[in-house]
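When we follow our numbering, the leftmost residue of the sequence shown carries the number 187, and every step to the right adds one.
The structure appears right after this line, and notes come after that.
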Amino acid sequence: MRSTFREAFGCEAEAEGRAPARVNLIGDHTDYAEGFCLPMPLRCETRVLMARAPAFAARSEGHPASAFDPFGPPRGDWTDYVAGPLAELAAAGVEVPPVAVLVASDIPQGAGVSSSAALEVAVIRAALVLAGRSLPDAEIARMAQRAENRYCGVNCGILDQMASAAGRTGEALLLDCRTGTGRLVGVPSTFRFRVVHCGEERRLADGAYNERRRAVEEAASLLGLSALRDAVPEDVEHLPAAVRARARHVVTENMRVLAAVAALEGADVSAFGRLMTESHRSLAADYEVSTPALDRLVDAMLAAGAAGARLTGAGFGGCAVALLPPDTDEAAWWERVSAANPQAWLVRG
Ligand code: GLA
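Here's what the structure looks like:
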């Protein structure tokens with residue numbers, strides 16, 4: 187990658203930043219309700235090389251080098267995910283000189299495993315190295331989220347950026363999205379998670395995501411709460427039908443995350459798996475963010491012997507995650523899953 191940088195920009199890279207993809211094991215569409223999530227980093231990652239340069243320029247595999255300007259308006263393409271984090275760093279008082287940026291990644295894009303958050307976090311880390319500065323992971327995550335909200339125009343919560351910035355390989359991260367803090371939870375070796383792409387890219391995701399978020403905020407305000415995090419199941423039943431099912435998902439999902447952490451700490455694969463499957467059913471029926479392809483994939487994962495399975499991330503396409511019991515013959519499991527889902531493919535875990 188360093189020689190590619192030299193060839194592309196005619197100088198040596200001065201700084202590097204890396205950040206992984208994530209799978210969310212349970213706790214989706216809870217982050218913007220100040221709730222709980224349980225992501226875990228994947229092995230695939232994004233690497234960013236950077237050096238001071240006469241002007242801002244970025245290059246990524248599959249894209250020619252483009253000029254960009256973090257101090258100007260967004261361009262509406264992938265360079266916004268480089269420019270936005272640099273703009274946020276500058277706003278926080280970190281020196282941001284013109285830089286050349288090279289991006290390499292083996293994270294599948296549009297799959298729901300946080301490729302954009304990994305790019306934002308890796309850019310911030312590289313720019314901090316260049317500036318001779320360091321920041322806590324949670325601060326890097328908040329900066330990356332602000333970049334996505336303000337510069338890229340996506341009204342996401344903190345899940346993806348915290349998972350990418352503060353996650354550690356082999357550990358799950360219990361995120362409390364009210365306080366913005368995370369607690370690492372060890373994953374016993376008997377827990378084998380597999381992430382599978384259903385073969386359909388995420389579609390119409392931004393508009394539908396924002397619509398779900400508005401419903402959740404409306405439900406909280408009807409209950410006189412600052413966030414649905416504080417609602418209990420009985421509250422939900424008093425809500426108008428238009429937002430009741432959405433709120434029910436959020437309230438029950440928060441409870442499932444905390445129960446799942448207890449199952450992980452008790453090394454109880456069956457209990458964790460049951461909670462995952464309940465989460466999927468809730469995301470499909472109450473939150474309506476699943477698709478026929480994701481439902482078919484989850485059903486096949488379960489029929490082939492998974493202890494639990496669910497869509498992961500925002501939904502509307504992309505990936506599902508399964509938990510395999512320790513004695514699973516994985517090749518036979520995958521043969522059955524892929525026979526029922528010929529478009530599906532395994533994501534590097
Ligand atoms: C996307 C968003 C996250 C989160 C998930 C759903 O990945 O970026 O903030 O809301 O959807 O859990």
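Ideal Cβ positions, reconstructed from N, Cα and C, are used throughout, including at glycine.
Shown here, M187 sits in coil according to DSSP, grouped into three states, outside any helix or strand. Between the stretch 410-419 and the stretch 210-221 there are three or more C-beta pairs closer than 8 Å, enough to call the two in contact.
Burial is judged here by how many other beta carbons sit within 10 angstroms of a residue's own beta carbon; Q347 has at least 16 and is buried. Following the DSSP letters along the chain, one finds S456 inside the alpha helix (DSSP H) bounded by residues 455-471.
Excluding residues up to 5 positions away in sequence, A241, F242, A243 lie with their Cβ nearer than 7 Å to the Cβ of A253 in the same chain. The stretch 286-318 contains, as complete alpha helix (DSSP H) runs of 4+ residues, the segments 301-317 (chain order). Taking C-beta separations shorter than 7 Å and ignoring five residues to either side along the sequence, the partners of A470 in its chain run S476, D481, following chain order. R467 and C505 have their C-alpha atoms some 15 Å from each other. Taking all protein chains in view, the Cβ of L425 is crowded by 16 or more other Cβ atoms within 10 Å, so the residue is classified as buried. Between ligand 1 and Y337, a heavy atom-to-CB distance of less than 8 Å is absent. V381 sits close to L228, with the two beta carbons spaced by under 9 Å. Beta-bridge annotation (DSSP): C223 is paired with L361. The closest heavy atom of ligand 1 lies 8 Å or more from the beta carbon of T438. F502 counts as buried, since at least 16 other C-beta atoms from the protein chains shown sit within 10 angstroms of its C-beta. Inside the stretch 224-248, DSSP marks whole beta strand (DSSP E) runs of 3 or more residues at positions 225-238, 243-246, from first to last along the chain.
Taking a cut-off of 8 Å for Cβ pairs, the stretch 483-495 and the stretch 506-524 touch, as three or more such pairs fall below it. Comparing C-alpha distances from D513 to each of A401, A448, R378 shows the shortest one belongs to R378. Contact between D214 and G499 is confirmed by a C-beta separation of about 7 Å, below the 8 Å threshold. By alpha-carbon distance to P322, the top candidate from S300, A352, L444 is A352. Sorted by position in the chain, D214, H215, D217, C342, G343, L345, D346, G499, A500 make up the residues whose C-beta lies under 5 Å from a heavy atom of ligand 1.
Per DSSP, W531 is one residue of the beta strand (DSSP E) stretching across 531-533. Residue environment: S300 is assigned as buried (16 or more neighbouring CB atoms within 10 Å of its CB, all protein chains considered). Residue state for F195 is assigned as helix, using DSSP reduced to three classes. In the assembly as shown, P294 is a buried residue. Its beta-carbon has 16 or more other beta-carbons within 10 Å. For L414, there is no enclosing alpha helix (DSSP H), as DSSP marks it with neither H nor E.
Straight across, the Cα-Cα distance linking I310 with Y395 is about 26 Å.
Runs of the beta strand (DSSP E) lying entirely within the stretch 371-444, each at least 3 residues long, are 378-383 in chain order.
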